[in-house]
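**Q** In my numbering, the protein residues as written are 6 to 414. The structure's right below; bear with me while I get my questions together.
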């Protein structure tokens, strides 16, 4: 019992609290800002194409710049990167707020601001993932990451829940202004985070291009890591198909479009429960591989089983709820293992490359699903995709190299 208390005190250290309090505010306001921006663009242009472009363009920097961003992170002061990312995002949003206050709408400036924010986010997220191990006791990394994700996700979901209401009650420019200030508040809190003095572990003779090649070489030379990265790509590709298939499935009268929104809420609730579980209980390192397999295949099988239950809406909700508990667990184990098994000067490249592959895979799956749904019933496509995901995952992760990679002894 005494050990558990010590662990808990260490998880909630000053640096971690500073990071969480800033990110909770900015996550909450960012969710509101996203809703306000989408409706603002649509109301001004009456174009769903431009609105969808705003949504899609936020992920493009992370896909295109992934390896380059990772290399910059590994060669830079990480505290400076997260502070600068939040300052730039804050000033960019405040600029959009200022021109909106003056009654000016310029879609080119809006798109530019979204691109700038997307680039900053591309730097910020993987940098925080590499900072968390430094402000957490190694044994508690899984718990620390779960707490951090639970806080930021919880506040983001809360922002989504009231974002539409606030958009109807407040002026759009006021919501923009609040979000810009939230980024600056986050940057100020990050200034007080104390990290180890930055010393690049790379030789000064290594060029930027060579550093990128070294990062990709590190991934390709580790059979276990390579399999994990490939698995992440295929799982997100297949889930991209399933995500579109779900929309088609719930458009049928038997389930109903109104219940699709409830399903999304159920999935979010499942993820939060998963975060809560891992924020309380740590998975012993010798059981990580086993828990990873159980949660990965549990997620896939429950989604597949749900496709056979069109007449049982509440059973579908229960299966998706449990499935997304599993989804958070295997993602958490995977991320913690990637960080713990990757040298510090390679972490940025590995995490950013994996993120780029993940983000690239999902929209490709979305596009393919749009065509497949014209020929295959949505529920059958979900089942086929689940079987395919299980098969690919089996031959990818049931391998000695992956087991060795998860071995953190």
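In this text, a Cβ means the ideal position worked out from N, Cα and C, and glycines have one as well.
Can you list, in chain order, the residues of its chain with a C-beta nearer than 7 Å to that of residue 19? Leave out the 5 residues immediately preceding and following it.
**A** If we look at residue 19 and ignore the five residues flanking it on each side, it has no Cβ neighbours.
**Q** Pull up the distance between the alpha-carbon of residue 226 and that of residue 348, whole angstroms please.
**A** 14 Å
**Q** Would you say residue 188 and residue 80 are within 7 Å of each other, going by their C-beta atoms?
**A** no
**Q** Which same chain residues, not among the five before or five after residue 384, have their C-beta less than 7 Å away from its C-beta?
**A** 254, 312 and 315
**Q** With DSSP collapsed to three states, give me the class of residue 396.
**A** helix
**Q** Tell me whether residue 134 is buried or exposed, calling it buried when 16 or more other Cβ atoms sit within 10 Å of its Cβ.
**A** Burial check for residue 134: the Cβ neighbour count within 10 Å reaches 16 or more, so the residue is buried.
**Q** With distances taken from CA atoms, which of 161, 141, 179 and 362 is nearest residue 104?
**A** 179
**Q** Report yes if the C-beta distance between residue 306 and residue 275 is below 7 Å; otherwise report no.
**A** Against a cut-off of 7 Å, the Cβ pair of residue 275 and residue 306 comes out as no contact.
**Q** What are the boundary residues of the alpha helix (DSSP H) that includes residue 406?
**A** The continuous alpha helix (DSSP H) containing residue 406 extends over residues 405 to 411.
**Q** Between the Cα of residue 241 and those of 45, 397 and 41, spot the shortest distance and give me the residue it belongs to.
**A** 397
**Q** So, for residue 485: in the same chain, excluding its five sequence neighbours on each side, which residues have a beta-carbon less than 7 Å away from its beta-carbon?
**A** There is no way to answer for residue 485, as the model of the chain reaches only from 6 to 414.
**Q** Find the nearest neighbour of residue 411 within the set 87, 26, 341 and 52, judged by alpha-carbon distance.
**A** 341
**Q** Buried or exposed for residue 284, going by 16 or more other Cβ atoms inside 10 Å?
**A** buried
**Q** Is it buried or exposed, residue 394, if we count other Cβ atoms within 10 angstroms and call 16 or more buried?
**A** Buried, because 16 or more other Cβ atoms sit within 10 Å of the Cβ of residue 394.
**Q** My output table needs one value for residue 347: the three-state DSSP class, helix, strand or coil.
**A** coil
**Q** With distances taken between CB atoms, is the gap from residue 329 to residue 160 smaller than 7 Å?
**A** no
**Q** Using the rule of at least 16 other Cβ atoms within 10 Å of the residue's Cβ for burial, across every protein chain shown, is residue 295 buried or exposed?
**A** exposed
**Q** Check residue 190 in the structure and name its three-state DSSP category.
**A** helix
**Q** Would you decide whether residue 403 is buried or exposed? Buried here means 16 or more other CB atoms lie within 10 Å of its CB.
**A** Label assigned to residue 403: exposed.
**Q** What number of angstroms, rounded off, separates the C-alpha of residue 63 from the C-alpha of residue 124?
**A** 8 Å
**Q** Applying the 10 Å Cβ sphere with the 16-neighbour rule, what's the burial state of residue 113?
**A** exposed
**Q** By Cβ distance, which residues of its chain are closer than 8 Å to residue 323, with the 5 residues on each side in sequence left out?
**A** none
**Q** With residue 420 and residue 334 assumed to form a contact (beta carbons below 8 Å), what rounded beta-carbon distance in angstroms separates them?
**A** Here the chain comprises residues numbered 6 to 414, so residue 420 is not present and cannot be evaluated.
**Q** What are the boundary residues of the alpha helix (DSSP H) that includes residue 127?
**A** If you look at residue 127, you'll find it in the alpha helix (DSSP H) that goes 112 to 136.
**Q** Just verifying my parser: in three-state terms, what is the DSSP assignment at residue 258?
**A** coil
**Q** From residue 30 to residue 191, what does the alpha carbon distance come to, in whole angstroms?
**A** 7 Å
**Q** With residue 131 and residue 366 assumed to form a contact (beta carbons below 8 Å), what rounded beta-carbon distance in angstroms separates them?
**A** In fact, because the Cβ distance is near 17 Å, the residues do not count as touching under 8 Å.
**Q** Tell me, to the nearest whole angstrom, how far the beta carbon of residue 371 is from that of residue 249; I am working on the premise that it is less than 8 Å.
**A** 5 Å
**Q** Can you give me the C-alpha to C-alpha distance between residue 27 and residue 96, rounded to a whole angstrom?
**A** Near 16 Å, if we compare the C-alpha coordinates of residue 96 and residue 27.
**Q** CA-CA distance, residue 186 and residue 149?
**A** 27 Å
**Q** Sorted by chain position, which residues of the same chain lie with C-beta nearer than 6 Å to residue 309's C-beta, five sequence neighbours on each side aside?
**A** 388 and 391, listed in sequence order.
**Q** Could you tell me whether the Cβ atoms of residue 351 and residue 238 are closer together than 7 Å?
**A** no
**Q** On the criterion of 16 or more Cβ atoms from any shown chain inside 10 Å, does residue 52 qualify as buried, or is it exposed?
**A** exposed
**Q** Could you check what DSSP says for residue 8 in three-state terms: helix, strand or coil?
**A** Reliability of the predicted coordinates at residue 8 is poor, the pLDDT of 34 falling under 50, and the value obtained from them is presented with this limitation in mind. Looking at residue 8 - three-state DSSP - the assignment turns out to be helix.
**Q** Tell me, to the nearest whole angstrom, how far the beta carbon of residue 118 is from that of residue 101; I am working on the premise that it is less than 8 Å.
**A** 5 Å
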